[in-house]
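Going down the list, the sequences are from chains A and B. Using this note's numbering, you'd call the opening residue of the first sequence number 1 and step up by one each time. Using this note's numbering, you'd call the opening residue of the second sequence number 1001 and step up by one each time. Working notes, structure below.
2 protein chains.
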Amino acid sequence: MTDFDGFFKSAFTVDNVIFGFDEGDLKALLIKRGEDPHQGMWALPGYFVDPQEDLDSAAVRVLEQLTGIKDVFLEQVHTFGAVDRHPFGRVITVAYCSLIKISDYTVQASSIAQKAKWHSVSRLKKLAFDHSEILESCLNRLKRLVRTRPVGFELLPPKFTLTELQHLYEAILETPLDKRNFRKKILSMNLLIDLDETQEGVAHRPARLYEFDQSKYEEFLADGFSFELKESKRKEKGNGEALSKGQLVKNTDKL
Amino acid sequence: MTDFDGFFKSAFTVDNVIFGFDEGDLKALLIKRGEDPHQGMWALPGYFVDPQEDLDSAAVRVLEQLTGIKDVFLEQVHTFGAVDRHPFGRVITVAYCSLIKISDYTVQASSIAQKAKWHSVSRLKKLAFDHSEILESCLNRLKRLVRTRPVGFELLPPKFTLTELQHLYEAILETPLDKRNFRKKILSMNLLIDLDETQEGVAHRPARLYEFDQSKYEEFLADGFSFELKESKRKEKGNGEALSKGQLVKNTDKL
DNA sequence: CTAATTAGTGTAAAAAGTACACTAGCCCTG
DNA sequence: CAGGGCTAGTGTACTTTTTACACTAATTAG
């Protein structure tokens, strides 16, 4: 080792942005910090990486310790390292992101998390540290992803209606989509299994229920398929169905 | 600060993957390390981040110190943090990537770089640390990028022919493209300025020279436009033009 | 002048994207 | 039990984009 070897007292953390979808809203799982700095503020579930721990494993461990959520697939998104982002010293943080079905998990705060709760992404206050920025960067990534892959299924309960799926896409993309074109595209991908069941207890015509075909999805990815969501190019016209715009577009897009 | 505060003696580095294009080949800029660990091995130009330095600035500084290359736009790609990736201790590294015109820069090794040299990406040996893995992840990203944005212009000299541009795309994507469709697409994007000049000193019909229209490119990005490259779906047929496949595809793909 | 070499060009058929409006089925109420 | 309210569900014609494909043009070298 040379004289100045670049090592100094510093730390790495991981921060997780966990997206879910519920009540027509895109949500993110946040904890209320029970520890300084920023005690009492809402923050992403994140914590220090141990000296003998890989980043990816740390993300998984920290998420479970703080929120009780385990067995999720976390994907690295970006690393944030502004000099003053942590008041106690030099800390760089690696942001991870995941999409989960809210109904599949019970959130249980522990460790430094006083509470753990789902928050609507569309109305978030300022978070601890630079976590607002981190969340936003994950959200942008999700928007990109959702146009490229049939990503939404991870966020819905096992059985869902096409309208729910459409609402999910609309919530993520913040744009209305055309019902008929959306259905046409989604169904043409053959990723859905029609369960031949219908909703119960709704005060209107009940919708058919579908489930996501995991094995077809894997084929889809293996084939290098992707699809794209496009917004309509047409100008607003203010009548009839004109509010429902946008298409789901599947491309054969081999690498 | 709590008792265990997560801080320990550790380090962050940045590693830069600088792509260029020359002699029909995609190249990456590497340094020969003049310092342990891995002295004498080829490596990405990377070094320690100073305690009072942002990650992005560190990437820029380190690149200049090691190779003399400055004023490049570096984009963060991924962070690598395997526990044993550095023999001297816990070091996580943030990988940055850039595309430059080789002819615009003079490479000048200094600091711990014994040499700095462009290497063909297609025939690389094992690099120091986990740098092979890092380079590969940047290459994958480049492949994705090149389908989504007219990215290649950064890699070519100011004046270039359409055939050179096509070769660049073919080199990055490792797939042949159809000449007529490629030209049609590229020209329809209106990102090229026809210089009304032709090549000189070539032993065949000289090609027209084009330059990249920077202002149109900025419009393009602002409009959220993107384009996509697709490979042909057809089966090999072994006759005539059948070798030239693939298309350049422009989409209006507003977010 | 001829051969060699790369540049440059168009079209027709197929696939995908887009806009758009009405009927069907269930519950609730009076 | 009829009618209103609500969401589900469906098809078509038009436009745009993608795709496959083969020959002529311009230059240099010999």
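Even glycine gets a Cβ: it sits at the ideal position worked out from N, Cα and C. Quick caveat, the model's predicted, so the values are computed rather than measured.
Residue-chain proximity (residue i, chain B), Cβ-Cβ < 9 Å
| i | result |
| --- | --- |
| Phe220 (chain A) | no |
| Thr67 (chain A) | no |
| Leu255 (chain A) | Low per-residue confidence applies at Leu255 (chain A): pLDDT is 18, beneath 50, and the placement is therefore not dependable, though the value from the model is reported in the following sentence. So yes, Leu255 (chain A) belongs to the interface. |
| Arg234 (chain A) | Because Arg234 (chain A) carries a pLDDT of 33, less than 50, the predicted location of this residue cannot be relied on, and no value is offered for it. |
Short CB-CB distance (under 9 Å) between residue i and chain A
| i | result |
| --- | --- |
| Gln1166 (chain B) | no |
| Gln1076 (chain B) | yes |
| Thr1079 (chain B) | yes |
| Pro1150 (chain B) | no |
Residue i burial status per 10 Å Cβ neighbour count (16 or more: buried)
| i | result |
| --- | --- |
| Glu218 (chain A) | exposed |
| Asn190 (chain A) | exposed |
| Glu197 (chain A) | exposed |
| Lys126 (chain A) | exposed |
| His98 (chain A) | The sequence as given places Ser at residue 98 (chain A); His does not occur at that position. When all chains shown are included, Ser98 (chain A) counts as buried. |
| Glu164 (chain A) | buried |
| Leu1108 (chain B) | Leu is not the amino acid found at residue 1108 (chain B); the sequence shown has Gln there. Per the 10 Å Cβ criterion, exposed. |
| Gln39 (chain A) | exposed |
| Lys185 (chain A) | buried |
| Leu195 (chain A) | exposed |
| Gly6 (chain A) | buried |
| Asn16 (chain A) | buried |
| Ala1203 (chain B) | exposed |
| Gly1201 (chain B) | exposed |
| Gly1024 (chain B) | exposed |
| Phe166 (chain A) | Per the sequence shown, residue 166 (chain A) should be read as Gln rather than Phe. It counts as buried. |
| Arg1144 (chain B) | exposed |
| Ser215 (chain A) | exposed |
| Arg1259 (chain B) | Only positions 1001 to 1255 of chain B appear in this structure, which leaves residue 1259 (chain B) out of reach. |
| Lys233 (chain A) | In this prediction, Lys233 (chain A) scores a pLDDT of 33, lower than 50, which makes its location untrustworthy; no coordinate-derived value is stated. |
| Asp1084 (chain B) | exposed |
| Pro1045 (chain B) | buried |
| Ser1010 (chain B) | buried |
Residue i CB to nearest heavy atom of the ligand FAD below 8 Å
| i | result |
| --- | --- |
| Ser1103 (chain B) | Among the ligands in the structure shown, none appear at all, so the ligand FAD cannot be discussed. |
> Is it a yes or a no for the stretch 1073-1083 of chain B touching the stretch 103-110 of chain A, going by three-plus beta-carbon pairs under 8 Å?
Replying inline: no
> Which residues, taken in chain order from the stretch 1195-1209 of chain B, show a beta carbon closer than 7 Å to some beta carbon of chain A?
Replying inline: none
> For the stretch 5-21 of chain A, which residues have a beta carbon sitting closer than 8 Å to at least one beta carbon of chain B?
Replying inline: Asp5, Gly6, Phe7, Phe8, Lys9, Ser10, Ala11, Phe12 and Thr13
>> I'd like the ranges of any alpha helix (DSSP H) spanning at least 4 consecutive residues and lying wholly in the stretch 1050-1133 of chain B.
In response: 1055-1067
> In chain order, what residues of the stretch 81-113 of chain A put their CB closer than 7 Å to some CB of chain B?
Replying inline: Gly81, Ala82, Val83, Phe88, Gly89, Arg90, Ile92 and Val94
> Using 8 Å as the Cβ pair cut-off and three pairs as the minimum, do the stretch 1150-1157 of chain B and the stretch 1127-1135 of chain B touch?
Replying inline: no
> At a Cβ cut of 9 Å, what residues of the stretch 1038-1058 of chain B count as close to chain A, listed as they run along the chain?
Replying inline: Tyr1047, Phe1048, Val1049, Asp1050, Pro1051, Gln1052, Glu1053, Asp1054, Leu1055, Asp1056 and Ala1058
> Name the residues in the stretch 112-131 of chain A whose C-beta lies less than 8 Å from a C-beta of chain B; which are they?
Replying inline: none
> Do the stretch 15-32 of chain A and the stretch 112-122 of chain A meet, that is, are 3 or more Cβ pairs less than 8 Å apart?
Replying inline: yes
> Can we say the stretch 173-192 of chain A touches the stretch 50-66 of chain A, given the rule of at least three CB pairs closer than 8 Å?
Replying inline: no
>> Counting beta carbon pairs with one atom in the stretch 45-56 of chain A and one in the stretch 1081-1101 of chain B, are three or more of them shorter than 8 Å?
In response: yes
> If you scan the stretch 1002-1055 of chain B from start to end, which runs of the beta strand (DSSP E) of 3 or more residues do you find wholly inside it?
Replying inline: 1008-1022, 1025-1033 and 1046-1048
> Where are the beta strand (DSSP E) runs, 3 residues long or more, that stay fully inside the stretch 1140-1211 of chain B, in chain order?
Replying inline: 1192-1198
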